[in-house]
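Residue numbers for the sequence shown, in our numbering: 1247 to 1558. No residue lacks a Cβ here, since even glycine has one placed at the ideal position from N, Cα and C. One structure below.
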Amino acid sequence: MDGMNHSTVSEFVFLGLANSWEIQPLLFVFSFLFYLAGMMGNLVIVFTVTLDAHLHSPMYFFLANLSVIDMSFCSIIAPKMICDIFKKHKAISFCGCITQIFFSHAVGGAEMVLLISMAFDRYVAICKPLHYLSIMSPRKCLYFLVTSWTVGFIHSLVQLVFVVDLPFCGPNVLDSFYCDLPRLLRLACTDTQELEFMVTVNSGLISVGSFVLLVISYIFILFTVWKHSSLGSFKALSTLSAHITVVVLFFGPLMFFYTWPSPTSHLDKYLAVFDAFITPFLNPVIYTFRNKEMKVAMKRLCSHLGHYRKIS
């Protein structure tokens, strides 16, 4: 291809979630409220963990960064989708489409590694409680965070380096509300079977492998708690249940997107809505409602803010 992009397609057109104009207002209210609630909930977690000294521990460090990732992921997809709801021509430029794919895969890859790091943190807390602070040092936590973002960007770059030079000569219609790699590859004017296989290996098998690894680690942790039951173990186990819920919510749609051979129904679009809107909203709900320390810290932060207001 002479290293150049021979594409005659300058933009891609989304079909969106629904064609019925009667559903559009309801869809707008749903998506806007869930996006706003998700952003606000995750912001509350970030500010609470940052400002409350009682939460300056590895578990809450990872939780705050998970909230940053959730806000980043839903902001890549949600604002464009919300703005397009009432538009007849839902279009995105070629560069905009590639950019959306790049950052969604980079953030998704970072979240994948971060969830593994959080599972390791729970393993150390439950199985090696006496060595927890020495093993999960601030330097080790920072290493996990840097690794997660590095892996995410490398994972995304490896896929897109082979896609940007593909020829796109039409059609340019994507039956979705955002750009995703499998659908984009099917619009290329060349044989992309090898690339589709690479995407399946890079995204599908990695996500399935990570999920299996997490499930095995959680089973091992649960077995350890059952074998050596103690008050500290059951306290750590209460936070583990929240981690397991988040892992299922994150990996469920992801494994469907990249291991299903071909989208024969609209199920993948609705799972994408779940991934982009509902999961970022549910994560702070799960971690705050099931965590006494977070609820106490949030009340403490609110009381401090109220006190400062009275003084000022």
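Sub-8 Å separation of residue i and residue j beta-carbons
i, j, result
"Ala1324", "Phe1523", "yes"
"Pro1530", "Ser1313", "yes"
"Val1445", "Tyr1369", "no"
"Ser1277", "Ile1322", "no"
"Phe1399", "Ser1363", "no"
"Gly1416", "Thr1254", "yes"
Identity of the residue in the options nearest residue i by Cα
i, options, result
"Leu1360", "Tyr1306, His1300, Phe1276", "Tyr1306"
"Leu1420", "Met1358, Ile1315, Lys1515, Val1292", "Lys1515"
"Phe1332", "Gly1354, Val1275, Thr1296, His1401", "Val1275"
"Val1494", "Ser1453, Thr1470, Asn1418", "Ser1453"
"Ser1600", "Leu1460, Glu1257, Thr1436", "In the structure as shown, the chain begins at 1247 and stops at 1558. Residue 1600 is therefore absent and cannot be evaluated."
"Pro1375", "Val1461, Val1492, Val1471, Ala1356", "Val1471"
"Asn1537", "His1550, Phe1527, Ser1487", "Ser1487"
"Asn1448", "Leu1468, Gly1354, Phe1308", "Gly1354"
"Val1259", "Leu1500, Cys1425, Ile1462", "Cys1425"
"Ala1283", "Leu1528, Val1397, Phe1535", "Leu1528"
"Tyr1533", "Val1292, Cys1341, Ala1518, Asn1265", "Val1292"
"Gly1262", "Cys1320, Leu1289, Lys1334, Phe1408", "Lys1334"
"Tyr1281", "His1377, Cys1320, Ala1518", "Cys1320"
"Met1285", "Phe1496, Thr1296, Ile1315", "Ile1315"
"His1351", "Pro1428, Cys1373, Leu1289", "Pro1428"
For residue j and residue i, the rounded distance between their alpha carbons
i, j, result
"Leu1272", "Phe1423", "16 Å"
"Phe1349", "Leu1441", "19 Å"
"Phe1414", "Asp1298", "52 Å"
"Leu1451", "Phe1502", "11 Å"
"Thr1525", "Val1492", "8 Å"
"Asn1311", "Cys1387", "11 Å"
"Val1458", "Arg1385", "27 Å"
"Asp1330", "Ser1549", "40 Å"
"Ser1266", "Ile1467", "49 Å"
"Gly1342", "Ile1490", "34 Å"
Beta-carbon proximity list for residue i, same chain, < 6 Å, skipping 5 on both sides
i, result
"Gly1287", "Pro1530"
"Leu1406", "Phe1348"
"Leu1460", "Ala1365, Val1493"
"Trp1395", "Ala1356"
"Ala1337", "Glu1257, Val1259"
"Thr1438", "Leu1431"
Nonlocal neighbours in the same chain, by C-beta distance under 7 Å from residue i, ignoring five residues either side
i, result
"Met1382", "Pro1304, Asp1367, Val1370"
"Thr1510", "With a pLDDT of 48 at Thr1510, under the threshold of 50, the modelled position of this residue cannot be trusted; read the value that follows with caution. So the list is empty, once near-sequence residues are dropped."
"Val1404", "Asn1448"
"Glu1434", "The sequence as given places Ala at residue 1434; Glu does not occur at that position. Here the set comprises Leu1412, Pro1413, Phe1414."
Proximal residues to residue i (C-beta, below 8 Å), its chain only, five neighbours per side dropped
i, result
"Thr1559", "A question about residue 1559 goes unanswered here, because the residues of the chain that appear run from 1247 up to 1558."
"Gln1270", "Ala1264, Ile1331, Phe1332"
"Gln1346", "Ile1322, Ile1323, Lys1326, Ile1338, Tyr1424, Cys1425"
"Phe1408", "Leu1441, Met1444"
Sequence ranges, alpha helix (DSSP H) only - wholly within the region 1350-1402, length at least 4
1378-1381
Note down, one range per segment and in chain order, each alpha helix (DSSP H) of at least 4 residues found wholly within the region 1258-1313.
1270-1297
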